[in-house]
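What follows is one structure encoded as structure tokens, with my remarks underneath.
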Amino acid sequence: MSVARLAGALRAGELSPREAVERYLRRIEAIDADVNAYITVRAEEALAEADALMRSRERGPLWGVPVAVKDVIDVAGTPTTAASRVLVDRMPAEDAHVVARLRQAGAVVVGKLNLHEFAYGALTTSPHFGPARNPWSPDRICGGSSGGNGAAIAAGLAAGTLGTDTAGSIRIPSCHCGATGLRPSTGRVSNRGVVPVAPTFDTVGPIARAAEDCALLLAAVAGHDPGDPASLDAPVPPYAEVLSGSIRGLRVGVVTSLVDGADARVDEAVETALAELRSLGAELVPVEVPLLEHAGTIQQAMQFPEATEVHLEWLRTRLADYGADVRARLLVGLFVTPDVREAGKRAREVACDEVRRVFERVDLLAAPTMPVLPPRIGSETVELRGRETLYRLALIPYNSPWSLVGSPVASVPCGLVDGLPVGLALVGPRFGEATVLRAAHAFQQATDWHERRPALAKPGAERAARR
Amino acid sequence: MAATPSPAELRRIAEMRGVTPTDEDLEAVRAFLAVLLPAFEELERLLPPQASGG
Numbered sequence: 000m001s002v003a004r005l006a007g008a009l010r011a012g013e014l015s016p017r018e019a020v021e022r023y024l025r026r027i028e029a030i031d032a033d034v035n036a037y038i039t040v041r042a043e044e045a046l047a048e049a050d051a052l053m054r055s056r057e058r059g060p061l062w063g064v065p066v067a068v069k070d071v072i073d074v075a076g077t078p079t080t081a082a083s084r085v086l087v088d089r090m091p092a093e094d095a096h097v098v099a100r101l102r103q104a105g106a107v108v109v110g111k112l113n114l115h116e117f118a119y120g121a122l123t124t125s126p127h128f129g130p131a132r133n134p135w136s137p138d139r140i141c142g143g144s145s146g147g148n149g150a151a152i153a154a155g156l157a158a159g160t161l162g163t164d165t166a167g168s169i170r171i172p173s174c175h176c177g178a179t180g181l182r183p184s185t186g187r188v189s190n191r192g193v194v195p196v197a198p199t200f201d202t203v204g205p206i207a208r209a210a211e212d213c214a215l216l217l218a219a220v221a222g223h224d225p226g227d228p229a230s231l232d233a234p235v236p237p238y239a240e241v242l243s244g245s246i247r248g249l250r251v252g253v254v255t256s257l258v259d260g261a262d263a264r265v266d267e268a269v270e271t272a273l274a275e276l277r278s279l280g281a282e283l284v285p286v287e288v289p290l291l292e293h294a295g296t297i298q299q300a301m302q303f304p305e306a307t308e309v310h311l312e313w314l315r316t317r318l319a320d321y322g323a324d325v326r327a328r329l330l331v332g333l334f335v336t337p338d339v340r341e342a343g344k345r346a347r348e349v350a351c352d353e354v355r356r357v358f359e360r361v362d363l364l365a366a367p368t369m370p371v372l373p374p375r376i377g378s379e380t381v382e383l384r385g386r387e388t389l390y391r392l393a394l395i396p397y398n399s400p401w402s403l404v405g406s407p408v409a410s411v412p413c414g415l416v417d418g419l420p421v422g423l424a425l426v427g428p429r430f431g432e433a434t435v436l437r438a439a440h441a442f443q444q445a446t447d448w449h450e451r452r453p454a455l456a457k458p459g460a461e462r463a464a465r466r
Numbered sequence: 000m001a002a003t004p005s006p007a008e009l010r011r012i013a014e015m016r017g018v019t020p021t022d023e024d025l026e027a028v029r030a031f032l033a034v035l036l037p038a039f040e041e042l043e044r045l046l047p048p049q050a051s052g053g
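So the sequence lines, in the order shown, correspond to chains A and B.
Here the first sequence stands for residues 0 to 466, numbered as in numbering that gives the first Met the number 0.
Here the second sequence stands for residues 0 to 53, numbered as in numbering that gives the first Met the number 0.
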């Protein structure tokens, strides 16, 4: 059930917080062995917290809603592993700011979700905790790094989740798992109590069933946190209230190079989605975004050394405890010179100016979230336009540009190809989350892609899994 | 175009930062750098020269 529907049912007294939590715990027990979405399930704590909510007079907007968070986000008294052996003994004493905000809104955290080790990769195939399996096809990856979030939403193992995104980590698993995800503008949400990747680009954001759910979750966690100086002191619109507006006359810039560069079957699904936006009254305008093909390089010139700085002490003392791919990525940062990093910073400023100018002509940008379908677990390559391509390189042009400039991006399910989900990316100007969510919601009012579920998640799946 | 540094050169730089990678690690790093270094070079060429400040 979606966050919005479940919150409504709880408010109406159709079920209690304890019953809602029990329902998800039963599903996790029955199904999670097949998808490996969770690293830690907080069964006893969640039930106790649900009981405490029932005794309380407070009724926040997420009262009694069972949610889960990526295992880089601290929950007091529950380990934060970051899917790494390096942090296997880390036990936070305090909640991350976003978790404290979820609790204030009445949500119950039922567990911590699997991810690519240290959120530094897009496969979610941790050598320490095992791969998250895509509920649409369990021999395929969920994407990453918030792969457990995508799996949990697709399999119905949490009503809503929080993930993190540095270079696509919310959008990619949302796309591959048929979920709706929102990378907020950088600085919109506090990162305090979250294991960093590269602080210039990191942000927490929601992954759930629908844009409406993302709006409710974002409304709960957005805003300035004096404990995180990088969180911006800017007004936060009432996201859940701005969804219902029309998108008639909205100017949507279609990033043609990204549409044309995707797998032809993905391209077709995205073109159909764009036609749907046009039928809802949006005006589609073809656009090219300057520096787009260099965005990945610019981000990497900054991200590699930043991530290495975060990990430097562990690289000196715990190098063998990292998985091979993350270890290599972190070591790369040692060899990025200060000149290159400085060039990256300067190029980022140019890119921000260019994208700002694009948003003087359009209200939103649209493109495929990912150009390809999720590869099989163990495969590092995909076929793209007839060429064997490294998956990690294929995703960069579709995700880095928006991380680089700190824009909000939603990934919205918009089709199925060979039974696997395809996502449409809707990109807004800085702090334009309300417009992004309004367009995503309008699309979802007219389509049912976000309602489609894999066989694993359909009624009866729990009984089948038990057998 | 910048050549990818040799494993010995990479090891020297890593050890200066107090990190001791294995031979396998350095081969994996070289695979990344083979793609990254030419792209970084192109990036520096793309940017307008910085004002000298004088």
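Beta carbons: idealized from backbone N, C-alpha and C, even for Gly.
Neighbours of D24 (chain B) in chain A, taken as residues at a C-beta separation under 7 Å, are given in chain order as R326, A327, L330. When rounded, the separation of the alpha-carbon atoms in E387 (chain A) and S402 (chain A) is 26 Å. Per DSSP, T19 (chain B) is not a residue of any alpha helix (DSSP H), being assigned neither H nor E. Think of a sphere of 8 Å around the beta carbon of A342 (chain A): the chain B residues whose beta carbon falls inside it are F39, L42, E43, L46, in chain order. Listed along the chain, the chain B residues whose CB falls inside 8 Å of the CB of H449 (chain A) amount to none; the nearest CB is some 36 Å away. Proximity of P6 (chain B) to chain A, defined by a Cβ-Cβ separation below 8 Å, is not satisfied. Of all C-beta pairs linking the region 189-201 of chain A to the region 102-113 of chain A, fewer than three are shorter than 8 Å, placing the two stretches out of contact. With its beta carbon at least 8 Å from every one in chain B, T165 (chain A) lies outside the interface.
Under a 10 Å Cβ-count criterion, V339 (chain A) is classified as buried, with 16 or more other Cβ atoms of the shown protein chains found around its own Cβ. The beta-carbon distance between T80 (chain A) and D73 (chain A), rounded to whole angstroms, is 11 Å. This is too long to meet the 8 Å contact definition. Neighbours of V339 (chain A) in chain B, taken as residues whose beta carbon is under 8 Å from its own, are F39, L42, E43 in chain order. Assignment of beta-bridge partners to V284 (chain A) by DSSP yields A:G252. The C-beta of R16 (chain B) comes closer than 8 Å to at least one C-beta of chain A.
In the three-state scheme derived from DSSP, where H, G and I count as helix and E and B as strand, D138 (chain A) is classed as strand.
Ranking A:L415, A:T296, A:H449 by CA distance to the CA of R44 (chain B) puts A:T296 first. Following the DSSP letters along the chain, one finds V108 (chain A) inside the beta strand (DSSP E) bounded by residues 107-112. Under the Cβ criterion of 8 Å, A33 (chain B) is not counted among the residues facing chain A.
Nearest CB-CB separation between R345 (chain A) and chain B: below the 8 Å threshold.
From the listed residues A:K457, A:E450, A:P367, the smallest Cα separation to L423 (chain A) is found for A:P367. For R315 (chain A), the chain B residues whose C-beta falls within less than 7 Å of its own C-beta are G17, V18, listed in chain order. Your pair P373 (chain A) and I140 (chain A) checks out as a contact, with CB atoms roughly 5 Å apart and the cut at 8 Å. Taking all protein chains shown into account, T163 (chain A) has 16 or more neighbouring C-beta atoms within 10 Å of its C-beta and is therefore buried. Beyond the five residues adjoining it in sequence on each side, R10 (chain B) comes within less than 6 Å, by CB distance, of no other residue in the same chain. The bridge partners DSSP lists for E382 (chain A) are A:E387. Just measuring C-alpha positions, the residue of A:A95, A:P172, A:H449 sitting nearest L114 (chain A) is A:P172.
Here the region 170-184 of chain A does not lie against the region 49-65 of chain A, with fewer than 3 beta-carbon pairs under 8 Å apart. Excluding sequence positions up to five before and after R375 (chain A), its CB lies within less than 7 Å of the CB of D138, R139, all in the same chain and listed in chain order. In the DSSP assignment, D164 (chain A) falls within the beta strand (DSSP E) that extends over 159-164. Just so you know, the alpha carbons of L42 (chain B) and D224 (chain A) end up roughly 35 Å apart.
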